[in-house]
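Chemist: Under the numbering used here, think of the first position of the sequence shown as 559, with each following residue one higher. Every residue gets a Cβ at the ideal spot worked out from N, C-alpha and C, and that includes glycine. All of these numbers come straight from a predicted model, not from anything done at the bench. What follows is a structure written as structure tokens; I'll ask about it next.
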Amino acid sequence: WMRRLVAAPRWANGRDVETYVRRVAVECATRETAVVPDAALDAALATVLQMKGQPAEAEEAVASPASPFMTAGPAVQREPRFDIDIAKALLEAKMDGGDEDDPAAGADDDLAEALQEAIVGLGYDEDDAARDKLERLLAGFADGSAPFPDDLRSRVLRRTGASAGAVDEALRRQAGPVLTAVRSAIAYREKRAAQLDELEEGDKEEAIDEEERIMERLRQRGPCPEGFSWFRQGNGWRCGGGRHFVYDDDPILRED
559 WMRRLVAAPR
569 WANGRDVETY
579 VRRVAVECAT
589 RETAVVPDAA
599 LDAALATVLQ
609 MKGQPAEAEE
619 AVASPASPFM
629 TAGPAVQREP
639 RFDIDIAKAL
649 LEAKMDGGDE
659 DDPAAGADDD
669 LAEALQEAIV
679 GLGYDEDDAA
689 RDKLERLLAG
699 FADGSAPFPD
709 DLRSRVLRRT
719 GASAGAVDEA
729 LRRQAGPVLT
739 AVRSAIAYRE
749 KRAAQLDELE
759 EGDKEEAIDE
769 EERIMERLRQ
779 RGPCPEGFSW
789 FRQGNGWRCG
799 GGRHFVYDDD
809 PILRED
């Protein structure tokens, strides 16, 4: 299991281990077991590999259990092949990849978090008009017609204390993924508005209430510390900054 994860594209040591462990916990909760079965390890690995751009092996793929919140096709999982202790697997992963993450990658993560905090702190995620403005600003930077928004850059500089050169280099790397997430959030809201307009009044109110219930759970329990709003993507929900994702079958979305 873990050796396949280490060999996957863009292996990121601690970050990938954390993602994998969180997904194993979800798979165990879905199966209502406190013991980690092979099937949960396999399903979690298949999902994480898909997130990293490595397709699961088609000849071994089987459907994972459906969730009442799942609206897209289920993830695939591999049939279990051998027994493994999860604590031992995690230790092996850290030994294979080193005990510490790449310092450069860690610094980039810090700058990415600072940028997302700046976006929320300056109100660029407050409503559709603010997101539209952010999209235009980042698009101008991406196509070279405008500099990076100065209010965001200044806030990141103050937040991190990094040199201007380091911040500018990191912002060049982060602008594309953030712009993609902003555009996805805008597109989702436009599509969702059109879908709601097609519903009868009673069904429309029910759909709005259900989505608000999910949004509230994501605000209270979700993994996005910056406090972004969330939008629908595939078989789950992604935060408006693009860095955090919650699957439909995650226990935080379930009824108490």
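Find out if the Cβ-Cβ distance for the pair residue 810, residue 775 is shorter than 7 Å.
Modeler: A distance below 7 Å separates the beta carbons of residue 810 and residue 775.
Chemist: With a floor of 3 residues, list each beta strand (DSSP E) that falls wholly inside the segment 731-799, ordered by position along the chain.
Modeler: Given a length threshold of 3 residues, each whole run of the beta strand (DSSP E) inside the segment 731-799 is given here in chain order: 788-791 and 794-797.
Chemist: Taking the Cβ atom as the reference point for each residue, do residue 808 and residue 793 lie within a distance shorter than 7 Å?
Modeler: no
Chemist: For residue 591, count neighbouring Cβ atoms within 10 angstroms of its own Cβ and tell me buried if that reaches 16, exposed if not.
Modeler: exposed
Chemist: Does the Cβ of residue 842 have 16 or more other Cβ atoms within 10 Å, making it buried, or fewer, making it exposed?
Modeler: Nothing about residue 842 can be reported from this structure: the residues present for the chain run from 559 to 814 only.
Chemist: Whole angstroms is fine: what's the gap from residue 705's alpha carbon to residue 730's?
Modeler: 10 Å
Chemist: Strictly by DSSP, which residues pair up with residue 804?
Modeler: According to the DSSP secondary-structure assignment, residue 804 is paired through a beta bridge with 795.
Chemist: Can you confirm whether residue 763, when its beta carbon is compared against all beta carbons of chain C, has any partner nearer than 7 Å?
Modeler: Absent from the structure is chain C; it holds one protein chain and no more.
Chemist: Under 7 Å, do residue 740 and residue 693 count as touching if we go by C-beta distance?
Modeler: yes
Chemist: Starting from the Cα of residue 700, find the closest Cα among 681, 677 and 732 and give me that residue.
Modeler: Per the Cα distances, 732.
Chemist: Determine the burial state of residue 780: buried for a count of at least 16 other Cβ atoms within 10 Å of its Cβ, exposed for fewer.
Modeler: buried
Chemist: With 16 as the cutoff for other CB atoms within 10 Å, does residue 707 come out buried or exposed?
Modeler: buried
Chemist: Between the beta-carbon of residue 606 and the beta-carbon of residue 581, is there less than 7 Å?
Modeler: yes
Chemist: What whole-angstrom Cβ distance do residue 679 and residue 713 have, given they're in contact under 8 Å?
Modeler: 7 Å
Chemist: Can you tell me which of the three DSSP states residue 718 falls into?
Modeler: Three-state result, residue 718: helix.
Chemist: To the nearest angstrom, how far is the alpha carbon of residue 531 from that of residue 742?
Modeler: The chain is shown only over 559 to 814; residue 531 falls outside these bounds and no answer can be derived.
Chemist: How long is the line joining the alpha carbons of residue 675 and residue 799, rounded to whole angstroms?
Modeler: Their Cα atoms are separated by approximately 9 Å.
Chemist: Look at the alpha carbon of residue 738 and the alpha carbon of residue 744, and state the distance between them as a whole number of angstroms.
Modeler: 10 Å
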